[in-house]
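A short write-up of the structure that comes next.
Residue numbers (this note's numbering), protein chains in the order written: chain A, 1 to 332; chain B, 1001 to 1341.
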């Protein structure tokens, strides 16, 4: 691995992060010069002095008591200490603390979804490539066309309706006590996965379709390469050729999409979490939105962006190990 | 065949907008897509005529939660007794309006950015591509939620935000094609003749990319319609209009799941599916027409990524490599000449 390439990629990621955090600082300030005027307009039975006190308090809460430049400096200083600010929720909890509480629950959904969709997608994709042009392949293709046009939250509603309410196989809504009662016992873990079954199913469908089509195309592309034909001609068995020659190389394009989809899954879980009332980051974000809790919202946004940048960087560097040809061209 | 030549081929096929429609009509799958989209447009325009009841009428206490019947083809809602068939018809308006206006606006902005990045190059290219990189890592849905909260929940704001953050994919695709077209003989001839940059971009480069733009626009429309439904489902769309996403949210909130009112959930879902499916169909068929190398399955894969906001990424990543690695090669004269017209 070329050292200069790695350093270049890391520096670029840092640069992108800096731009993102600057945007993140300025976005909530679009059109809002004074949060006090905007969110707490004067109410009927309130004297001038009372209102002044409320305004002052609100400004302090939102951090608007100093000039914008000073606010920016303070924001950067806080970030250097991994402090994303204070939420406006009752009890003024730290944003990082709130994210820390909810992140594991979102990760349960997204990581399981990723594992399931990846393994089933690989299986289906290889199968479709093996049967290419035949009815199995066509059927999978048609199934994917149809599922792409169905939004995940609609699938979630249908699953919740049929498997949740009609057949009563899985809880249609997440048990709200689940989070508080979790104690790492075997029963608690079972409860979590029982509740997570429907959200995971509705999220995994799209992933399965995506990965199976990626795998199918890349397996077919690799099968036509010379080294596969050579391997066949040497008299190696079909299974050996499939595992040692075809799948290993077909995994290359798949590895890039995995990195991107992890960050996409966490952000994209918002709607699904809402459908099932799953207490993850998505629900936290929507709660923050409904109470204009900008420190919390922007904290979550920054966290998600940082996650995406990191995931991209890791994928890029990982790709160099998998496919050393990448550094030769050195894109960008 | 290198990816570069594939792109040139894409640029060469196709002609005017009318001949494009003709080609689509001749393709059996394309015809289905065209008929469906036409039907949807008619329904959207004639909604007040076609709807048997007033969808905004929430006072029909006696008509609550009726199953589909001759009187109410798709039943009524449990909570307020609104006629679901009429709501469905009115919902077409929102989906098509947002989908098409956003798609067209993204086509303009994306094409402009892509052509500028590809043709002018240098600092402009660098700047645009860095902006693309930044926009790609910011989570789209949360950002849209924040911005609609700040700027208001009108359709204008929703479209604006979708456009501001949705042009990156198209710009990348167009840029890659422009980098190829830039070195073709007819562009060089125009440069030697002393044409201005702007003139060359508008008269020589943009026409060569038009098919790619139209193809992408239909797919963008489909993607935006899904996104809009999601936004409305979260209760973040325009609160004054009936949309399919909002219907689903009301169905869930109104206990459609609990009381087994399947018609209340299936109807808007079918609406979303039909609209997205027909636009997608057209996009896929166009891809097949312009780019015969592209198999249907791989365009679906691309579409899938498109709906996830990072479509075509990998394909054009590999293309970036090629561009920086080897110098512009002499293109086949016949190929570069036929690029536009």
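Glycine included, each C-beta is placed from N, C-alpha and C at the ideal position.
In this text, all values refer to a predicted model and were calculated from it rather than measured experimentally.
For residue i versus residue j, is the C-beta spacing smaller than 8 Å?
i	j	result
residue 9/A	residue 310/A	no
residue 170/A	residue 198/A	yes
residue 1092/B	residue 1047/B	yes
residue 205/A	residue 147/A	yes
residue 245/A	residue 219/A	no
residue 1278/B	residue 1037/B	yes
residue 174/A	residue 278/A	yes
residue 306/A	residue 110/A	no
residue 1062/B	residue 1110/B	no
residue 1039/B	residue 1025/B	no
residue 1263/B	residue 1067/B	yes
residue 1202/B	residue 1119/B	no
residue 1268/B	residue 1236/B	no
residue 1081/B	residue 1259/B	no
residue 152/A	residue 212/A	no
residue 1166/B	residue 1217/B	no
residue 1083/B	residue 1155/B	no
For residue i, count the other beta carbons within 10 Å of its own beta carbon; 16 or more makes it buried, fewer makes it exposed. Which is it?
i	result
residue 239/A	exposed
residue 348/A	The requested residue 348/A is not part of the displayed model; chain A covers only 1 to 332.
residue 68/A	exposed
residue 28/A	buried
residue 119/A	exposed
residue 1122/B	exposed
residue 142/A	exposed
residue 1148/B	buried
residue 1287/B	buried
residue 86/A	buried
residue 1341/B	With a pLDDT of 35 at residue 1341/B, under the threshold of 50, the modelled position of this residue cannot be trusted, and the question is left open.
residue 20/A	buried
residue 1126/B	exposed
residue 134/A	exposed
residue 1354/B	Nothing about residue 1354/B can be read from this structure; chain B reaches only from 1001 to 1341.
residue 65/A	exposed
residue 1059/B	exposed
Any idea which residues DSSP pairs residue i with across the strands?
i	result
residue 381/A	Look at the range of chain A in this structure, 1 to 332, and you will see that residue 381/A is not part of it.
residue 1083/B	1076/B
residue 1022/B	Per DSSP, none; premise fails for residue 1022/B.
Just verifying my parser: in three-state terms, what is the DSSP assignment at residue i?
i	result
residue 86/A	strand
residue 234/A	coil
residue 8/A	helix
residue 2/A	coil
residue 1064/B	coil
residue 94/A	strand
residue 66/A	coil
residue 170/A	coil
residue 1175/B	helix
residue 55/A	helix
residue 1244/B	helix
residue 241/A	helix
residue 1058/B	coil
residue 217/A	helix
residue 1198/B	helix
residue 1142/B	helix
residue 81/A	coil
residue 1256/B	coil
residue 1053/B	coil
residue 1287/B	helix
residue 1044/B	helix
residue 136/A	helix
residue 1133/B	helix
residue 1316/B	Since pLDDT at residue 1316/B reaches only 46, below the 50 mark, its modelled position is unreliable, and the value read off the structure follows with that caveat. Three-state DSSP puts residue 1316/B in a helix.
residue 1310/B	Model confidence at residue 1310/B stands at a pLDDT of 44, short of 50, so the residue's coordinates are unreliable; what they give is reported in the following sentence. Here residue 1310/B sits in coil by DSSP.
residue 187/A	helix
Compute the beta-carbon to beta-carbon distance between residue i and residue j, rounded to the nearest angstrom, for a pair I have assumed lies under 8 Å.
i	j	result
residue 1205/B	residue 1132/B	With a Cβ gap of about 19 Å, residue 1205/B and residue 1132/B do not count as contacting.
residue 1043/B	residue 1243/B	With a Cβ gap of about 14 Å, residue 1043/B and residue 1243/B do not count as contacting.
residue 1096/B	residue 1041/B	7 Å
residue 1098/B	residue 1144/B	No, residue 1098/B and residue 1144/B are not in contact; Cβ-Cβ is about 12 Å, not under 8 Å.
residue 272/A	residue 156/A	5 Å
residue 242/A	residue 95/A	About 48 Å; that fails the 8 Å criterion.
residue 1280/B	residue 1219/B	7 Å
residue 24/A	residue 298/A	5 Å
residue 314/A	residue 196/A	Contact flag wrong, Cβ pair sits at about 26 Å.
Between residue i and chain C, is the shortest Cβ-Cβ distance under 8 Å, so that the two count as touching?
i	result
residue 1150/B	Within the model displayed, chain C is absent; protein chains A and B are what it includes.
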